[in-house]
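Okay, so the sequence shown: first residue is 601 according to the numbering used here, each after it adds one. Ideal Cβ positions, reconstructed from N, Cα and C, are used throughout, including at glycine.
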Amino acid sequence: MHKDMHQANRRAWNEATRAHNSHKADQARFLREGGSTLFPEELELLGDLHGTTLLHLQCNAGQDTLSLAQRGARVTGVDISDEAIEFARRLAMETGIPGTFHRADVYDWLDEAAARGEQFERVFSSYGAIIWLSDIATWARGIANVLAPGGRFVLVEFHPFLAMLDDKGARVVADYGGGEARTYDEGIGDYVAWAGPVLAPSGYLEGAKDFRNPLPGHEWNWSLAEVVSALLDAGLRLEVLREYPYANGFPAFEGTVQQAGGRFVPVPGRPRIPLMYALRARREV
Numbered sequence: 601m602h603k604d605m606h607q608a609n610r611r612a613w614n615e616a617t618r619a620h621n622s623h624k625a626d627q628a629r630f631l632r633e634g635g636s637t638l639f640p641e642e643l644e645l646l647g648d649l650h651g652t653t654l655l656h657l658q659c660n661a662g663q664d665t666l667s668l669a670q671r672g673a674r675v676t677g678v679d680i681s682d683e684a685i686e687f688a689r690r691l692a693m694e695t696g697i698p699g700t701f702h703r704a705d706v707y708d709w710l711d712e713a714a715a716r717g718e719q720f721e722r723v724f725s726s727y728g729a730i731i732w733l734s735d736i737a738t739w740a741r742g743i744a745n746v747l748a749p750g751g752r753f754v755l756v757e758f759h760p761f762l763a764m765l766d767d768k769g770a771r772v773v774a775d776y777g778g779g780e781a782r783t784y785d786e787g788i789g790d791y792v793a794w795a796g797p798v799l800a801p802s803g804y805l806e807g808a809k810d811f812r813n814p815l816p817g818h819e820w821n822w823s824l825a826e827v828v829s830a831l832l833d834a835g836l837r838l839e840v841l842r843e844y845p846y847a848n849g850f851p852a853f854e855g856t857v858q859q860a861g862g863r864f865v866p867v868p869g870r871p872r873i874p875l876m877y878a879l880r881a882r883r884e885v
């Protein structure tokens, strides 16, 4: 585990989160009026949430977490970014949607929650979370330790195959998986500006212009097999595994085409490749 790199990412995420939210109009009003930032894939895998306890790991600024709360879940969100958690708490207060948010490294929080005996019926993570994990096995064990018997873990994530390709999606430039750290002088970018209105359903604003993160970022690319194997080794039972030829809210390559529902696909004429995957795993009773 590389806690020093996690903390460097925390600082880079603080910079990026301000840029991301600068493009989103009146998010509190949007959520108060019943708006949601969720996609169908995660909702189908999570199932009925009414009355369930739900832990959202790497919850970012809380928009998805509070959207899950609107579906009846009692939500707890955890994220390493100070800026993201401060915004999430403010958003919960301004919307009146109940949610508890913790600023912590996910590894530390999972250890502490397990020691307190906390358990959740759903644990959820999504969209660009796995690459910030430096130890996939410890992460999986932490999830297993806080899942209630019969509880489900749901992950919807961009496919690790994408990390092998160049910006045009046309050439293999990196190894697949392995969990080796990759350091970038310019950390997290302004992916909300890249995606446009699909990631700003409350209304898109011009916001930050030409944002460049002044701080470095560190990523770890884990293969699909490494993620699944870590969850199995932690004692969870895999129920669902799916791959998708599109990515929700993420134009991965130059020339990517947006389709209905906020899905992005490669340039026409390119081969179909997996852009996203999802899984559901259960802790046995």
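query: Would you tell me roughly how many angstroms separate the C-alpha atoms of C659 and N621, rounded to the nearest one?; result: 14 angstroms
query: Is it true that the CB of A740 sits closer than 7 angstroms to the CB of A830?; result: yes
query: Give me the Cα-Cα distance between D626 and R703, rounded to the nearest whole angstrom.; result: 23 angstroms
query: Kindly indicate the opening and closing residues of the beta strand (DSSP E) around R703.; result: 700-703
query: Using the C-alpha atoms, what's the distance from P874 back to A729?; result: 17 angstroms
query: Apply the 10 Å Cβ neighbour rule to E757 and answer buried if 16 or more other Cβ atoms are within range, or exposed otherwise.; result: buried
query: Report all residues from its chain with a CB closer than 6 angstroms to the CB of N745; omit the five preceding and five following residues, and keep chain order.; result: A714
query: Whole angstroms are fine: how far does the CA of D648 sit from the CA of A881?; result: 16 angstroms
query: What whole-angstrom Cβ distance do S823 and P760 have, given they're in contact under 8 angstroms?; result: 5 angstroms
query: Are T653 and F720 close, meaning C-beta to C-beta below 7 angstroms?; result: yes
query: Indicate the three-state DSSP secondary structure (helix, strand or coil) for A713 in the structure shown.; result: helix
query: Less than 8 angstroms between the CB atoms is what I'm expecting for I736 and V827, so what's the real figure, rounded?; result: 6 angstroms
query: Give the C-beta separation of S726 and D664 to the nearest angstrom, bearing in mind that I take them to be a contact with Cβ-Cβ under 8 angstroms.; result: 7 angstroms
query: Taking all protein chains shown into account, do 16 or more other C-beta atoms lie within 10 angstroms of the C-beta of G855, making it buried, or fewer, making it exposed?; result: exposed
query: When you compare each of Q859, F864, F811 to A852 by their alpha carbons, which one comes out closest?; result: F864
query: Smallest Cα separation from D708: which of D679, E683, A608?; result: D679
query: Anyone know if the C-beta pair for G672 and H650 falls short of 7 angstroms?; result: yes
query: Can you tell which of N609, P640, G742 has its C-alpha closest to the C-alpha of Y844?; result: P640
query: Going by the DSSP bridge assignment, what does F639 pair with across the sheet?; result: Partner(s): none; F639 has no beta bridge.
query: Please return the same chain residues whose Cβ sits closer than 6 angstroms to the Cβ of L841, not counting the five positions on each side in sequence.; result: L879
query: Since E683 contacts T617 with CB under 8 angstroms, what's their CB separation in whole angstroms?; result: 4 angstroms
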